[in-house]
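Protein chains in written order, with the numbering used here: chain X, 46 to 287; chain Y, 539 to 802.
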């Protein structure tokens, strides 16, 4: 199995308070990894570490075979092979097309008209290319955010609660797009959600974070049907464990 | 309107009307007549008026260029980064935004005068006192804190989450800063126009370091002071009208841009 991320004894502290403590975690290539748990247990922090937006306090992260030093900035070419779609996407105050092209322009790639068009049609927004981004609805914003990540063809796409605050129609659309990105481009997806039903619908493997600890990691089937940790079982049954 | 000077040729010149002794109606009609004469000077493109306006625009334009060159990067750094002493720099900047121009004039005067620390050096790049260059220096010092302060506010007004999202899309630090600057473009433009408004209408500092020398350092504001003192109200009014229009245009532009920034 091809390993994209290997985390060993990774911790993250803010002002001496532990927000994340992962003894060991592997993310496999081309899988959808669901990260579940209640609010404020370090799920988003883990995604920021995986996107190299901040370094871990201790421990090591291997990414695509490269061992990364927490004290050194991550090389740009490695950093550019992963991107995040955030819960509340912020678009630039420009047209939809310019927003989708933004990441490509950062990489010095030009003349990407057909790529932009394809990406917009894949998220069902082909008619909106020339609209100003600020006029879009919440669901449309999130789909533009997916399109601007998709055109980069990243090795890893991190999704941070991408469907929180959206209506069921847009939730279904965005889940379909995520599945399509995974299947068509072989992109590895790491998806944070507090919605266990969403994890069940999408994820191949699931990890459960609780009070900054990674309690359990298992295949989705096993995670939801025979969890080995009683706290996971309680969470899956919808009982409060925190 | 053209016939007006002949008709009034026999009357007393404007300056000879003693304020407070003549009837009130007469004073007001004199003001109106002076105003009409002022409009005539503007419409006829009177060479003296044109010269003064062009010099004002040149001095303030060059000063604005240097203010933007210093103020915009300073505003970006203060808006985006956290470093030890940042609060102190911001406090100094706010002080600079409300600094009395006359004090700036005094400071520049002392620095540039022949016996001052910079004037002594005799370097050709340092302008001497009573030249347009000295006025540019004073106006730059007056306006760059405004440009920096407004730019800082504009950059800080961009959603803080955007920075993280831009980084996550693979931007370098420079690309991130540039992206945020582009997002704050309207606010930055406002900062530059506000800087212009502050120096085109400033009188104390340019009077001190420029000296109001005819054909050399006489700008709109200093000319208005002089012509008023001489009692040549029509020329003073003509210059005043032009200054008002310039200042008004700058402010309308700022308000329009700010309105757009709020709409968006």
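Glycine included, C-beta positions come from ideal geometry on N, C-alpha and C.
Since the model is a prediction, treat every value here as computed from it, not as a measurement.
For residue j and residue i, the rounded distance between their alpha carbons
i                     : j                     : result
residue 51 (chain X)  : residue 235 (chain X) : 13 Å
residue 124 (chain X) : residue 108 (chain X) : 10 Å
residue 672 (chain Y) : residue 578 (chain Y) : 33 Å
residue 179 (chain X) : residue 282 (chain X) : 40 Å
residue 745 (chain Y) : residue 595 (chain Y) : 16 Å
residue 101 (chain X) : residue 652 (chain Y) : 59 Å
residue 618 (chain Y) : residue 715 (chain Y) : 8 Å
residue 774 (chain Y) : residue 756 (chain Y) : 13 Å
residue 117 (chain X) : residue 713 (chain Y) : 20 Å
residue 182 (chain X) : residue 168 (chain X) : 14 Å
residue 57 (chain X)  : residue 85 (chain X)  : 13 Å
residue 64 (chain X)  : residue 82 (chain X)  : 13 Å
residue 552 (chain Y) : residue 762 (chain Y) : In this prediction, residue 552 (chain Y) scores a pLDDT of 43, lower than 50, which makes its location untrustworthy; the coordinate-derived value is nonetheless stated afterwards. Spanning the two alpha carbons is a distance of roughly 15 Å.
residue 273 (chain X) : residue 59 (chain X)  : 30 Å
residue 257 (chain X) : residue 243 (chain X) : 21 Å
residue 655 (chain Y) : residue 130 (chain X) : 57 Å
residue 759 (chain Y) : residue 593 (chain Y) : 11 Å
residue 231 (chain X) : residue 193 (chain X) : 17 Å
residue 575 (chain Y) : residue 772 (chain Y) : 6 Å
residue 213 (chain X) : residue 710 (chain Y) : 36 Å
residue 662 (chain Y) : residue 749 (chain Y) : 20 Å
residue 73 (chain X)  : residue 138 (chain X) : 36 Å
residue 781 (chain Y) : residue 90 (chain X)  : 56 Å
residue 585 (chain Y) : residue 778 (chain Y) : 16 Å
residue 543 (chain Y) : residue 785 (chain Y) : Caution is warranted here: a pLDDT of 42 is assigned to residue 543 (chain Y), below 50, making its placement in the model unreliable, and the coordinate value is therefore given only provisionally. Those two C-alpha atoms are separated by around 30 Å.
residue 75 (chain X)  : residue 264 (chain X) : 14 Å
residue 61 (chain X)  : residue 621 (chain Y) : 21 Å
Rounded distance between the beta-carbons of residue j and residue i, thought under 8 Å
i                     : j                     : result
residue 692 (chain Y) : residue 722 (chain Y) : 4 Å
residue 747 (chain Y) : residue 647 (chain Y) : 5 Å
residue 795 (chain Y) : residue 728 (chain Y) : 5 Å
residue 277 (chain X) : residue 261 (chain X) : 5 Å
residue 742 (chain Y) : residue 675 (chain Y) : Wrong, their Cβ atoms sit about 15 Å apart, outside the cutoff.
residue 217 (chain X) : residue 77 (chain X)  : Not a contact, Cβ separation roughly 16 Å.
residue 701 (chain Y) : residue 719 (chain Y) : Actually they do not touch by this definition, with Cβ atoms about 12 Å apart.
residue 149 (chain X) : residue 197 (chain X) : 7 Å
residue 155 (chain X) : residue 708 (chain Y) : Going by Cβ atoms, the distance from residue 155 (chain X) to residue 708 (chain Y) rounds to 16 Å, so no, they are not a contact pair.
residue 170 (chain X) : residue 185 (chain X) : 6 Å
Nonlocal neighbours in the same chain, by C-beta distance under 6 Å from residue i, ignoring five residues either side
i                     : result
residue 173 (chain X) : 141
residue 161 (chain X) : 142, 145, 146
residue 99 (chain X)  : 93
residue 71 (chain X)  : 48, 51
residue 587 (chain Y) : 579, 776
residue 87 (chain X)  : 64, 65, 254, 257
residue 560 (chain Y) : Because residue 560 (chain Y) sits at a pLDDT of 44, beneath the cut-off of 50, its placement in the model cannot be relied upon, and the following sentence gives the value as read from the coordinates. Closer than 6 Å at Cβ, skipping near neighbours: no residue.
Beta-carbon proximity list for residue i, same chain, < 7 Å, skipping 5 on both sides
i                     : result
residue 53 (chain X)  : 69, 104, 105
residue 732 (chain Y) : 684, 688, 792
residue 627 (chain Y) : 616
residue 111 (chain X) : 123
residue 558 (chain Y) : A caution first: residue 558 (chain Y) carries a pLDDT of 45, below 50, which makes its placement in the model unreliable, though a value can still be read off. The answer is none, since no qualifying residue turns up.
Enclosing alpha helix (DSSP H) for residue i [first to last residue]
i                     : result
residue 148 (chain X) : 141-151
residue 591 (chain Y) : 585-618
residue 726 (chain Y) : 723-738
residue 766 (chain Y) : 758-768
residue 633 (chain Y) : 624-635
residue 154 (chain X) : Where residue 154 (chain X) is concerned, there is no enclosing alpha helix (DSSP H), given that its DSSP letter is neither H nor E.
residue 661 (chain Y) : Element bounds for residue 661 (chain Y): n/a, residue is neither H nor E.
residue 159 (chain X) : 158-167
residue 280 (chain X) : 275-281
residue 643 (chain Y) : 639-650
residue 242 (chain X) : 241-247
residue 119 (chain X) : Unbroken run through residue 119 (chain X): none, as it is neither H nor E.
residue 749 (chain Y) : Counting along the chain, residue 749 (chain Y) falls outside any alpha helix (DSSP H), and DSSP gives it neither H nor E.
Residue range of the unbroken beta strand (DSSP E) whose run includes residue i
i                     : result
residue 253 (chain X) : 250-255
residue 263 (chain X) : 258-264
residue 128 (chain X) : 127-130
Cutoff 8 Å; reference residue i; Cβ partners in own chain excluding five residues on either side
i                     : result
residue 681 (chain Y) : 601, 602, 605, 609, 733, 734, 736, 737
residue 766 (chain Y) : 774
residue 225 (chain X) : 167
residue 187 (chain X) : 130, 134, 207, 208, 211, 215, 219
residue 657 (chain Y) : 649, 650, 651, 664, 666, 667
residue 127 (chain X) : 95, 96, 97, 108, 199, 200, 201, 202, 203
residue 284 (chain X) : none
Ignoring anything shorter than 4 residues or poking outside the stretch 191-234 of chain X, list the alpha helix (DSSP H) runs there in chain order.
213-230
If we require 3 or more residues per run, which beta strand (DSSP E) segments fall completely within the stretch 56-112 of chain X?
62-73, 77-81, 103-108
What are the uninterrupted segments assigned as alpha helix (DSSP H) that are 4 or more residues long and contained completely in the stretch 682-717 of chain Y, given in chain order?
Fully enclosed alpha helix (DSSP H) runs of 4 or longer: 698-706.
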